[in-house]
Structures are given as C-alpha cells and as structure tokens.
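In the working numbering, the protein residues as written are 1 to 766.
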C-alpha cells in the first residue's frame, strides 16, 4: 500500500470557483500523515506540471499520486506514471460544473465560494486519497503465451483470417470440418460487387484464396477435422482436434471462430408454396445457377414474408387456445420422442418445439435484398430475353450498394415493386404470385416459371456448441438465444468479442453480412486475437480494461464454497474444484468485479478495487445530523463505462444537479456489493442511486450482464434494508446509455426529490 501520497491541485481546472490553496490547506490538516507532498500548479497537464510530479516520484518523495482537477477521462495518457498508483479527483466535471445552489441557481464566479461547494470538493478530495490508501500495486501474472492463432472454419472469412494472422508473423492452425475448403463461397456462382464501380456481380475469388492459404508456410490446414475440446485459458489453450481417425493435442494462444451459417429451416417458407418443384430457396437457386441448370425464362423473387407470417400467426393462435386434453396429449408425445432419443444415446437430440419456434428471424433483410438483386441479374445473364420480378416488403441496400440497386432498376428485364404478397399458387406449368398494395397502386398477378423465396441465415452456434470449451460453466457460449444464436459479446462497443475471452467471432457466425464486411471482420477478429495473446504474455487484461494488471484475489480461508462467483461470472473466468472452491484463470478475466459483488462473505477483491476501498470512500461523506439545517446526502454509484461518461458529458453541456449528491465510479454495477449500500444507510445517507448500463434485449453493458445481475440482487438489498429498519425505496437502480447525457440532470434531481419526500434516514445522527 502507498505510504507517501502526493496531492496535486490543478488551478486551471478549478478556478475561479474553487481556490486550490484552500483545498490544499484542508488536506494538510486532515491527511498530513498520508500526504507528505501537497502542491498547487497553474496547469498540471502542461510539460512543467508533469515534470513537477515526475521529479517528486524520482526523488522518492511520493509513491502514489492524487491529481485533483479534471475528469479521469481527460489527459489520462499525460498522468500515467510507471509503477505508481494514480487517482484522479474529478473537481471540474463532477463538482464545479454540476454544482447548483439548493435553490437551483448557479454560484457567482466573482463572489464568495459557496460553503456547500467547499464541502463537496473537500469530500471528493478525501475520497480520492482514501481510495489510494486502500489500494495496492500488483505484479503481473505473466503467462508464457503460445503465439498460435487457431481459425475454426475454412470458408471465405476463415481463409481471410488465416492469411491476416500469418501476415503478422503468427503461426496459424486452420480447422475445417469438410474435406474441402471454401465453405458457402465455394457454392456461389458470383458475389455482389465488392469493389468500384459496384455495378455488377463478379467471381468470388475463393479458388485463389484457397490456393494462397494452402501455399502459406505459416498456415497448417486441417481438413475433415473437428475441434473436440478447448481447454485452458487465453495464451495457454490446449486444443484437442480429431483429424480423420487420429487425434492431436495442439497448443493455441487464441481462437478465431469463423464457422459461418446454415440456411433457416424451409418449414418457414412452406406457406409461400415451398414444396412445389417450382418454388426454391435462394440458396437452392444459387446452386442451380452454379451447376448450369437454371433454364427458367421468368423468375419471381419474393421478399415479402407476411404471407407465411400470417399463416404461422393463425397456427400460433390455435396452439395457444388448445384444450387441456390437447395440451396433455402434446406433452405426452413430446416425452415419448424425448425418451426414444435417450434410448438411442442422443440425450439432447429432441427439443420439444412450441409455436415460438415458428417466429421468423428478425434479420437478413439487407442480404435478402442484395441476393435478390444478384440472382435477378443471373436470370438476365443466362437468358437475354429472361424476365426477373422482385416483390419486396422492404428493399434495403445501404451505402455504396445503392449503385447496384440502381443498375438493376435500369435493366428493362428486371421489374421491382413493393407489395404485399397475398398468395402463391401453382397453375398448370407456371406459378402465379398475387400481390396487393403495389407501386402501381393496384392488385397484380405475376406468372413465372419459377419462384425464389428467401430463408434466414442461422449461425452455426445456434444449434451446435462448436467450440466445446472445458469450462466449469459448460462447453458453449452462454445465453446465445438472447442474440438469436450469434456468438457476439457486445456488438455495440466490442465487436468480435465473445463471452469467452480468447475466442473471437468473425463473419456470419457473428451477424449476417456480405463478403466485403466479412473480410473486414476477419481482420478485426485476428487483431483482437493477437492483442489477447500479447496481453496474456504481459499479464494484463485485454479488454475492456486494457492493460489492467490486477486480477481477483481470494481469501480462501473464509470462502464458503457457495459458488456464486463461478456461477455469476459473465466470462467463465472461474472454474472450481470438487468442493466448490474457486479456481481463478487470470487471462480469462476482464476485471469487471462481478465476482466481488456476488460474494456474500466479501472475500474477493482486486489490489486497486475492493470492498474496503469503496466502503471507505463512502464513509468520507460527512452526513449532517439535521436534514433541515445541513441538507440530505445521497450517493450515486455510477458505472465507469456508460453512466460516468454520460455524467461528464452532461456537465460539459451545462447540466447540473443537487449539491447533496456524491458520485463514486464503479467498474460495473455487477461489482456492487450489498455491504456498500448497508454501510451507506447505517451512516445516515438518505438514498443510493445505482446508475448503470441498459440491460435486457437492448443490453449495452460492457460486461454483458452486470446491470442485469445488479437488478436481480435488489431483492437481497431490500431484505438487508428491512432488517436495518430502512425503507427499501431508498435504493434505486436506473439505466442510462452513454448518449443519454441530456437525461442525467432530471434523472438525478427526480431521485433526490423522491428521497426527500420519504424523509430523513432514521440512522441520521447516530
């Protein structure tokens, strides 16, 4: 722990509202023993300011630095000193800029410094110093990294990823389950344009890509191969691979998952006439053209799925309104089939499907549009007199693909119309597609030799574990149903990442995309994999807290083997032994602190973030005995990823809030331990606001489940408060996206007003 803390005040950040010398004098009175060096400087982020701090460090006068001025999100690179703990006290954004007098007015910059502003600033400074006294420096847990990238999947994305990794001087193992490379791209006749002028489809180039991979000395290609298990942790994985009839144990540093997609079950397009020889899916039509068997002179491409949706909606209603006898019969049939599957040794072979499974996939519209345009051009290429009809509900061609759409519009043999397909019927040797609400404003009927209907792109991870991880949490990625089976961890902030550190998704296993986007995806996933290997080799976190060399520290003497930490960790960073004792894997850990928040015995912490640290910071808030005279006090525990930046941005835009609020950043709401709330309440704090990322279907949590887990724990919080004799309503959790800074002021003030209505905390004055 640091013994000599240097406290430095940045005058440029806090003038004229606060006087640096006055703040320094308070520190010298109350923290003299911990802070032998206390200095003020006109501009700390200048070359002279940094030099001032560095000289004190080099002279051995300080072993930790507390900088009081701007937000930690500003000048973070300037105030980075090797092997020295640094804490930033945010006096500008979170104190001066948000301060409002109790009546809501702004302080006078030329007048006397308001007493409440002095109190607010001094408490923040004491919190910063306290945080340093409760922290410690860490030694890196270096893993002797295996600098090998495994690429799973030998399609276009996998081949591209393998080449990118090889070009960075990393050895690559490419695993493909088929006996040939190329994947879906090898079955395609052409791809829509990937380069200027973006007007015509062209060859996929997959043959040349395969040849380049197979001739690269850094790439080991395993065909007819299957990844049986992936055991260990980033930088030190062992991949067990079956190749033909033999098994291999291969050292791997990180893995790029590029296993692609499969077409959606064709039962979803049966209401659109599928089953007739004259109705095919887009994938089947592509194969026909590739094989030279497309001889239809008129083809209708139907992109409007509402006909099938209406059919399934009717079936869903019928299913929901089953009689008790029908329900019992269906359940009995399901059990019989399930038991039969178990007898055959395939325990998971049968999953009883209710009508939810009939819902259409909520994606692929852009790709369906582009594929229809491409295949309509096939019709024209194969037969100069051929006619292609495209009937769509939505035509989505964002970006440069608009040029491709316009080229199709200019072709006299391609007819495009928006419309609602009302029926698809077979009449004689032709199919008749009826549509209403067309661009002509009339109902139309189109006679075609062949009808092509789209099916969704289903990622391989939706039905197959694919990776087979040897993790305590199971072999597959968790909760993929929430994301329709796609292997993505945080598609907004951290693309390519999966829920398992060291495994990065690229291509259509991550989200539906064109070959052009898949090429970029391959590069991104490879860079992430290489970053992960290098970070493991240096003993630091890879993301999102890149460079953090701390890791969870356990007091196993007090561990009760309750398994909450292993169960709630979003990333599978913890295994456990047969007794349930956690077994940390530092290179899997993303340093979110969810395990710390989950532990009821409070035996988990980090050197630079722990239970005692935040609890001690809360205790630095001075609570007046009388709410009427000294005012109430409120704590906001703000997630450092979305909520804290939103608070900063609100402040920079002139938004303010109650002077009775103190903001303490936390790594994630998942790290919030109930003891912090209990301590705040027993101290007399009048309310605690937990401010974090959105969760649920539109989740934006950087650690995936932190906000959701915090919300689940609110019931435990309520029970704890009731035992203390405190109203559970005093603790509120709110969701806030990073771009919702305009809502911050009202959100906090509403919380404060609600707490004031409840009245003073009954522990006030004790």
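Each residue gets a CB set at the ideal place from its N, CA and C atoms; glycine is no exception.
Do you know offhand how far residue 61's Cα is from residue 36's?
8 Å
Quick one: what does DSSP say residue 12 is sitting in, helix, strand or coil?
Residue 12 sits in a helix when the DSSP states are folded into three classes.
Please work out which residues of its chain come closer than 6 Å, Cβ to Cβ, to residue 585, disregarding the five sequence neighbours upstream and downstream, and give them in chain order.
233, 573
Report all residues from its chain with a CB closer than 8 Å to the CB of residue 631; omit the five preceding and five following residues, and keep chain order.
102, 116, 624, 659, 660
Take the Cβ of residue 472 as the centre, count every other Cβ of all protein chains shown within 10 Å, and call the residue buried at 16 or more, exposed below.
buried
I need the DSSP call for residue 74, collapsed to helix, strand or coil.
coil
Which of helix, strand or coil does DSSP assign to residue 561?
coil
Which residue's Cα is closest to the Cα of residue 414: 379, 432, 396?
379
Are the CB atoms of residue 262 and residue 452 within a distance shorter than 9 Å?
Not closer than 9 Å, so no.
Between 497, 587, 709, 99, which has its C-alpha nearest residue 550's C-alpha?
587
Taking all protein chains shown into account, decide if residue 695 is buried (16 or more other Cβ within 10 angstroms of its Cβ) or exposed.
Only buried fits residue 695, as 16 or more other CB atoms lie within 10 angstroms of its CB.
DSSP beta-bridge partners for residue 657?
99
For residue 556, count neighbouring Cβ atoms within 10 angstroms of its own Cβ and tell me buried if that reaches 16, exposed if not.
exposed
So, residue 90 versus residue 124, is the Cβ gap smaller than 9 Å?
yes
Could you name the residues of the same chain whose beta carbon sits closer than 7 Å to that of residue 42, not counting the 5 residues immediately before and after it, in chain order?
Spatial neighbours of residue 42 in its own chain (CB-CB distance under 7 Å, excluding positions within 5 residues in sequence) are listed in chain order as 11, 12.
For residue 576, which residues does DSSP report across the bridge?
Beta-bridge analysis with DSSP links residue 576 to 582.
Is it the case that the region 153-164 contacts the region 632-651, given that we only count it when at least three CB pairs across the two stretches are under 8 Å?
no
Figure out for me which residue from 93, 175, 577, 375 has the closest Cα to the Cα of residue 454.
375
Would DSSP call residue 344 helix, strand or coil?
For residue 344, the predicted model reports a pLDDT of 37, less than 50, meaning its position is unreliable; a value from the coordinates is still stated below. If DSSP states are grouped into helix, strand and coil, residue 344 belongs with coil.
What did DSSP end up calling residue 778 once you bin it into helix, strand or coil?
Here the chain comprises residues numbered 1 to 766, so residue 778 is not present and cannot be evaluated.
In terms of alpha-carbon separation, which member of 553, 299, 621 lies closest to residue 139?
The shortest Cα separation from residue 139 among 553, 299, 621 belongs to 553.
Taking contact to mean at least 3 C-beta pairs separated by less than 8 Å, is the region 190-197 in contact with the region 163-179?
no
Can you tell me whether residue 385 is buried or exposed, with buried defined as 16 or more other CB within 10 angstroms of its CB?
Exposed, by the Cβ-count rule.
Where residue 202 and residue 443 are concerned, what is the direct C-alpha to C-alpha distance, given to the nearest angstrom?
For residue 202 and residue 443, the distance between alpha carbons rounds to 36 Å.
Just list the residues that DSSP pairs residue 256 with in beta bridges.
Looking at the DSSP assignment, residue 256 forms a beta bridge with 151, 504.
Return the chain-ordered ranges of every beta strand (DSSP E) run that is complete within the region 412-437 and spans a minimum of 3 residues.
Counting whole runs of 3 or more residues, the region 412-437 contains the beta strand (DSSP E) stretches 414-418, 420-427, 430-436.
With a threshold of 16 other CB atoms inside 10 Å of the CB of residue 340, please say whether the residue is buried or exposed.
At residue 340, the pLDDT of 37 sits below 50, so the modelled position is not reliable and the matter cannot be decided from this model.
At 3 residues or longer, and completely inside the region 653-697: list those beta strand (DSSP E) runs for me, N to C.
661-666, 687-692
Check residue 170 in the structure and name its three-state DSSP category.
The DSSP-derived three-state label of residue 170 is coil.
Need the endpoints of the beta strand (DSSP E) that residue 526 sits in, please.
Careful: residue 526 lies outside any beta strand (DSSP E), inside the alpha helix (DSSP H) at 515-538.
Since residue 426 and residue 278 should fall inside the 8 Å C-beta cutoff, what is the C-beta to C-beta distance between them, to a whole number of angstroms?
6 Å
Which residue marks the beginning of the beta strand (DSSP E) containing residue 236, and which one marks its end?
236-243
What span of residues does the beta strand (DSSP E) with residue 397 cover, start to end?
Unbroken run through residue 397: none, as it is neither H nor E.
Can you tell me whether residue 713 is buried or exposed, with buried defined as 16 or more other CB within 10 angstroms of its CB?
buried
Check whether the region 700-714 and the region 727-740 are in contact - that is, three or more C-beta pairs closer than 8 Å.
yes
Return the residue from the list 181, 649, 569, 76 that minimises the CA-CA distance to residue 260.
181
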